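Sequence order for the protein chains is A and B.
Numbering follows this note's numbering, with no gaps: position 111 of the first sequence is 111.
Numbering follows this note's numbering, with no gaps: position 246 of the second sequence is 450.
The structure appears below as structure tokens.
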Amino acid sequence: MRHDFLDRYSRLASPVHALPAWLKALATLTLVMAMAVARPSWWPALVVATALLVAGAWLSRIPAGFLLRRLLLLEPVVVVVATLALWQPDGGMRFALLVARSTLSLAALILFTNTTPFGEVLELLRRCRVPSLLVTVLALMYRYVFVLVDEAARLQRARASRAFSRSAARSWRSVASGAGQLFVRSSERAERVFTAMCARGWRP
Amino acid sequence: MAAVNAIEVRDLAFAYADGTPALRGVSFAVAEGECVGIIGPNGAGKSTLLLHLNGVLPETPDGSGAVRVFGAPITKANLYEIRRTVGLLFQDPDDQLLCPTVGEDVAFGPRQLGLGGPELGARVTAALARVGLAGFEARSPHHLSRGEKRRVCLAGLLACESRVLVLDEPTSELDPRGRRGIEALLASIPATMLVATHDLEIVVELCSRVVVLDHGQIVAAGETVALLSDEALMLAHGLERPHVLRHRHPHE
Numbered sequence: 001m002r003h004d005f006l007d008r009y010s011r012l013a014s015p016v017h018a019l020p021a022w023l024k025a026l027a028t029l030t031l032v033m034a035m036a037v038a039r040p041s042w043w044p045a046l047v048v049a050t051a052l053l054v055a056g057a058w059l060s061r062i063p064a065g066f067l068l069r070r071l072l073l074l075e076p077v078v079v080v081v082a083t084l085a086l087w088q089p090d091g092g093m094r095f096a097l098l099v100a101r102s103t104l105s106l107a108a109l110i111l112f113t114n115t116t117p118f119g120e121v122l123e124l125l126r127r128c129r130v131p132s133l134l135v136t137v138l139a140l141m142y143r144y145v146f147v148l149v150d151e152a153a154r155l156q157r158a159r160a161s162r163a164f165s166r167s168a169a170r171s172w173r174s175v176a177s178g179a180g181q182l183f184v185r186s187s188e189r190a191e192r193v194f195t196a197m198c199a200r201g202w203r204p
Numbered sequence: 205m206a207a208v209n210a211i212e213v214r215d216l217a218f219a220y221a222d223g224t225p226a227l228r229g230v231s232f233a234v235a236e237g238e239c240v241g242i243i244g245p246n247g248a249g250k251s252t253l254l255l256h257l258n259g260v261l262p263e264t265p266d267g268s269g270a271v272r273v274f275g276a277p278i279t280k281a282n283l284y285e286i287r288r289t290v291g292l293l294f295q296d297p298d299d300q301l302l303c304p305t306v307g308e309d310v311a312f313g314p315r316q317l318g319l320g321g322p323e324l325g326a327r328v329t330a331a332l333a334r335v336g337l338a339g340f341e342a343r344s345p346h347h348l349s350r351g352e353k354r355r356v357c358l359a360g361l362l363a364c365e366s367r368v369l370v371l372d373e374p375t376s377e378l379d380p381r382g383r384r385g386i387e388a389l390l391a392s393i394p395a396t397m398l399v400a401t402h403d404l405e406i407v408v409e410l411c412s413r414v415v416v417l418d419h420g421q422i423v424a425a426g427e428t429v430a431l432l433s434d435e436a437l438m439l440a441h442g443l444e445r446p447h448v449l450r451h452r453h454p455h456e
């Protein structure tokens, strides 16, 4: 089972990974803000942003294919939203600009999350005085998504080894019951995790 | 004045919300520095009993004095003090390890106690070194072996400098090497310990006294070797005479 599907490359050793988390966060945020307010006449800014991101990606030693796949995964959302622009005057231009700006923002975020271990992101949030409850919830989510995936894989394997029927209806039914079971198991785990947190002195 | 017991349980009863009785009139005491084993079949109430020892159960501490830690009944006011004194090791390390990295997890307890900065860092480093995992700070708990996860859990308790360690099945689901490692580690910790387990071999190695729990009641208590050698008693409560005792030479 692969547990690192979320941030496989965030612990590489590269000049980009070595930069302090706050600097990368600031750079990412600046780029996203700049993209958010970019006008069509600012096209040189888009070119500069693209160049910076390509350089960053290259320096980070993360395989380009991996970053592009991540980007493509999110691109449909961007394109669907941008399609709305086509009905406005000067639609083609707006559409292209919207896609470019969103894609560059996404690329910046993808690069940031894949060059910064999540623990450092959390530490940064804590230092930025993000409410500690929110940081705790994020930390728990990151910790337990892997446990949950393992649990789902175990359930799925057990089901596969006991399923003798090829009927699609039956297999859907078993998927549904698997999802139900996973939910029950997760909520039981949540209860146990909360107990353990309390036992370790956590104050709600 | 006689020395105050580290843990004193007097006539403790507990039923779950659905009415299932889990503990009935449980009484025993653990002196400071002692290591006591709690054994009994599945569903005997061992885990439920352990959860009472640092005030996780009952959900609102009643101050009834059924459980006393160093003489103090558990109340709402001293709950966090009690949880600092009594460290609980849970059965499933995945329930206990709740932070994204090992270092943060070990720091979780001390952070709740208000520690921070270099002192916190030093405690984490020392606790990890103590359990043989020096340099594991940045690792993700998910990528550790079960034995390593247990060690991280223990490091989390050691970092809080708990005076009493309450361990629920510390050796379950470990391979022999992992089990031996945990056993040696526990033997080297000077804290007062309570070990609930099915692993009777480690009870023989670690505990001077044993309490047998069945159906929520204490059915026997006494010196480890004498009690575990009582085959009839062991079999009656879903246990067995451990191998180490079978093969132990009379003049050893």
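We treat Cβ as the ideally placed atom computed from N, Cα and C, and that holds for glycine.
Nothing here was measured: the structure is a model prediction, and the numbers come from that model.
Neighbours of A196/A across chain B, judged by C-beta separation under 8 Å: L292, F294, D299, Q300, L302. F218/B carries a strand assignment under DSSP once its states are collapsed to helix, strand and coil. With respect to the 8 Å criterion, L122/A and A139/A are classified as neighbours on the basis of their beta carbons. L369/B sits in a strand when the DSSP states are folded into three classes. Around the C-beta of D90/A, fewer than 16 other C-beta atoms lie within 10 Å, and the residue is accordingly described as exposed. Separation of L443/B and H402/B (C-alpha to C-alpha, rounded to the nearest whole angstrom) is 8 Å.
Taken in chain order, the members of the region 167-201 of chain A whose beta-carbon sits within less than 8 Å of a beta-carbon on chain B are R189, R192, V193, T195, A196, M197, C198, A199, R200, G201. Measuring C-alpha to C-alpha distances from V137/A to each of K24/A, A27/A, R200/A, V193/A identifies V193/A as the nearest.
Taking C-beta separations shorter than 6 Å and ignoring five residues to either side along the sequence, the partners of L362/B in its chain run A331, R334, following chain order. With distances taken between CA atoms, E373/B lies nearest to E387/B out of T264/B, E365/B, R367/B, E387/B. Residue contact with chain B for R154/A: absent (no Cβ-Cβ distance below 8 Å to any residue of chain B). Look at Y142/A: its C-beta is under 8 Å from a C-beta on chain B.
By the neighbour-count definition (other C-beta atoms within 10 Å, threshold 16), L390/B is a buried residue.
Collapsing the DSSP output to three states places I110/A in a helix. Interface annotation, E308/B: in contact with chain A, CB-CB separation under 8 Å. For the options G426/B, L283/B, H451/B, the alpha carbon positioned closest to that of F232/B is the one of G426/B. In the DSSP annotation of this structure, D266/B is not part of any alpha helix (DSSP H), being labelled neither H nor E. Chain-ordered, the chain A residues with CB closer than 7 Å to the CB of T305/B read G119. With the rule of 3 Cβ pairs closer than 8 Å, the region 352-366 of chain B does not count as touching the region 237-257 of chain B. Contact between V260/B and A199/A holds, since their C-beta atoms are separated by about 5 Å, short of 8 Å. Contact annotation, A196/A with Q300/B: C-beta distance approximately 5 Å; criterion of less than 8 Å satisfied. For A207/B, the closest alpha carbon among the candidates L254/B, L216/B, V234/B is that of V234/B. For Q316/B, the residues of chain A that pass the 8 Å Cβ criterion are R200, G201, W202, R203, in the order they occur in the chain.
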